[in-house]
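So the structure is just underneath, and the comments pick up after that.
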Amino acid sequence: MASDNSTSKLDRVVAEARRAREEREKGYRERALKLYPWVCGRCAREFTRENLRELTVHHRDHNHDNNPPDGSNWELLCIYCHDNEHSRYIDSEYGDASADAQKGSATHNPFADLASLLKDKK
-18 MASDNSTSKL DRVVAEARRA REEREKGYRE RALKLYPWVC GRCAREFTRE NLRELTVHHR
42 DHNHDNNPPD GSNWELLCIY CHDNEHSRYI DSEYGDASAD AQKGSATHNP FADLASLLKD
102 KK
């Protein structure tokens, strides 16, 4: 019985977190749509009430809790440009991490003995 109680409590917590997120998103989305023209900031696609659901609010600093009243952390992007922006952000983080990991990994130096090879030719 305790497991049923903890499961229902977890379900309530998850449902409340989802409702809170949806309310927060609704708030900044509505504000962004009032502040900015209904145009994708990347591809310049224009939106109407019929397709407005495809226009998203992108957080420039990728922090969804940073919602200044002037909208300076937002830009409106269509769903395709928004997905592309997040993919590029994730890829850039991966690229930085892999570059750091590879700094000391090269062990072969093809030019290590070049000076002596050139010296022998003279």
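In the numbering used here, the protein residues as written are -18 to 103. From the three backbone atoms N, C-alpha and C, an ideal C-beta is built for every residue, glycine too. Note that this is a predicted model, so its numbers are computed, not measured.
Name the two residues that bound the continuous beta strand (DSSP E) containing E56. 55 to 59
Going by the beta-carbon positions, is the gap between R10 and C62 smaller than 8 Å? no
With a cut-off of 8 Å, do at least 3 Cβ pairs link the stretch -9 to 3 to the stretch 30 to 44? With a cut-off of 8 Å, the stretch 30 to 44 and the stretch -9 to 3 do not count as touching, because too few Cβ pairs lie within range.
Cα separation between N65 and E4? 25 Å
To the nearest whole angstrom, what separates the beta carbons of C21 and L(-9), a pair I think is in contact under 8 Å? The pair is not a contact, with the Cβ atoms about 38 Å apart (cut-off 8 Å).
Residues bridged to H40 [DSSP beta-bridge criterion]: W55
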